[in-house]
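My numbering puts the first residue of the sequence shown at 117, with every later residue one more than the last. For each residue, glycine too, the CB sits at the ideal point set by N, CA and C. Owing to the predicted nature of the structure, the values given are computational and were not obtained by experimental measurement. Below: one structure, written as structure tokens.
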Amino acid sequence: MEYRQLGRSGLRVSAVAYGNWVTHGNQLDDDAAAACVAAALDGGITTFDTADRYAQGRAEEALGKALSGVRRSSIELCTKVYLPVGPGANDAGLSRKHIIEGCHASLNRLGTDYVDLYQAHRYDDSVPLEETMLAFADLVRQGKVLYVGVSEWTAPQLREGRRLAAELHVPLIANQPQYSMLWRVVEAEVTPTCAELGLGQLAWAPLAMGVLTGRYQPGRRPPAGSRATDSFGGSFIARYSSDLLLSRVRQLRSIAEAAGCTMAQLAVAWVLHRPTVAGAIVGASRPEQLAETAGATTVRLDHELLARIDAVLGDLVERDPAKTARPNDVMPAWRPPPTAG
């Protein structure tokens, strides 16, 4: 495994990080989640990413249980706050009330005294940014949060957030964008801003929800048990489901073979070669998937291979910076956990 500094901070993260967005608490029970976490650790992965919103808190609980026997200082634990976690008026957003209460709830579910990176899951237009950053600052000073990050903020939002963070002496060090061969909306504005401000990027969905593994074939139904057949995950794969796009993705196989890797490793390695990217967040429903993706850190892509990737995908790549995610693009409205029976 390769370990990289996150931006200009002193925090080092594993180049491949483990995320549990659609798995823990949804697709996997606690035992299966623990097996995946163990495989991540065996592969040298030390950075774990989750959020209070994932599976209505069950994802944090499952991750906390799986890591309960691991030396705390040997891992980097990241979680997020913003998206709705309940029906109340203050159960979402970046108000001081929700940030402070959300952090305490996340620490309890994760079974830890602090998180290494606490991230604003989205930008909140309804709350003064000063209020948000001051709440983060207080959590840092209390030792409950070591570093602060954001996810899917635009370049102007990043710049203003960084300015306020500097005034409050808050270690705002990271941005977490969606980023893959097929989704490059951060390249025009966000990535240059991160370079300017010294922010590292932790890329989510580097496999484009699994599409870049080559698992989905044009003209065929998705394989049984795949994310595309899941009522939750399927909606996020819809943008990648055209036969034309899937046919182009199939052409990447020969490029992966030339690089001496699998298609999944090619996709992760591509992200890790991008400017300001410190880590790529991957999920897994089976332990062996992590052994594969962790190997992406050994893959080297030269200019010729990168050019071939661009030529294959062509105008199917999304580059519009205006498509930096908004809250409703990422999660459906809050719903209560299912009741027993």
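Measuring alpha carbon to alpha carbon, tell me which residue in the options is nearest residue i.
i      : options                           : result
Asp165 : Glu192, Arg188 and Leu328         : Glu192
Leu183 : Ile161, Tyr170 and Ala281         : Ile161
Gln294 : Val138, Ala253, Glu118 and Lys439 : Lys439
Thr329 : Gly126, Gln292 and Ala383         : Ala383
Arg124 : Ala154, Gly209 and Leu313         : Leu313
Glu246 : Ser267, Ser211 and Leu361         : Ser211
Arg416 : Glu434, Ala385, Val433 and Asp431 : Ala385
Leu127 : Gly218, Leu255, Leu233 and Met379 : Leu233
His419 : Gly173, Gln381, His389 and Thr195 : His389
Ala150 : Arg402, Tyr119 and Ala441         : Arg402
Trp299 : Val387, Val256 and Cys152         : Val387
Going along the chain, which residues of its own chain have a beta-carbon closer than 6 Å to the beta-carbon of residue i, five neighbours each way excluded?
i      : result
Leu122 : Val129, Ile289, Ala290, Gly316 and Ala394
Phe252 : Val264 and Val286
Determine the direct distance from the alpha carbon of residue j to that of residue i, and round the result to whole angstroms.
i      : j      : result
Leu429 : Met297 : 8 Å
Val398 : Ala324 : 10 Å
Val178 : Gln143 : With the sequence shown as reference, residue 178 is identified as Ala, and Val is not the correct amino acid for it. About 12 Å.
Leu250 : Asn206 : 17 Å
Gly135 : Ala221 : 19 Å
Pro203 : Trp137 : 21 Å
Arg470 : Leu284 : Residue coverage of the chain in this structure runs from 117 to 457, which leaves residue 470 outside it and unanswerable.
Ala282 : Glu276 : 10 Å
Glu459 : Ala396 : With the chain covering 117 to 457 only, the question about residue 459 has no answer from this structure.
Ala167 : Arg225 : 11 Å
Gly218 : Cys377 : 41 Å
Val132 : Asp241 : 32 Å
Gln381 : Ala208 : 36 Å
Tell me which residues share the same chain as residue i and place their Cβ nearer than 7 Å to its Cβ, disregarding the 5 neighbours each side in the sequence.
i      : result
Asp146 : Ala178 and Lys181
Pro88  : With the chain covering 117 to 457 only, the question about residue 88 has no answer from this structure.
Less than 8 Å between C-beta atoms, sequence neighbours within five positions excluded: which residues of the same chain meet that for residue i?
i      : result
Leu223 : Asp229, Tyr230, Val231 and Lys260
Ala156 : Tyr134, Phe164, Ala400, Leu406 and Ala410
Leu362 : Val327, Tyr332, Gln333, Pro334 and Tyr356
Arg364 : Val428, Leu429, Gly430 and Leu432
Ile216 : Ala251, Asp254 and Leu255
Could you tell me how far apart the beta carbons of residue i and residue j are, in whole angstroms, since I believe they sit closer than 8 Å?
i      : j      : result
Pro244 : Val264 : 17 Å between Cβ atoms; not a contact.
His214 : Ala171 : About 19 Å; that fails the 8 Å criterion.
Ala375 : Leu318 : Contact doesn't hold; Cβ gap of about 23 Å is too wide.
### Query
Counting pairs of beta carbons, one from the region 235-242 and one from the region 194-208, are three or more of them closer than 8 Å?
yes
Counting Cβ pairs closer than 8 Å, one from the region 415-434 and one from the region 354-371, do we hit at least three? yes
query = Is it true that the region 267-277 meets the region 411-418, where meeting means three or more beta-carbon pairs spaced less than 8 Å apart?
reply = no
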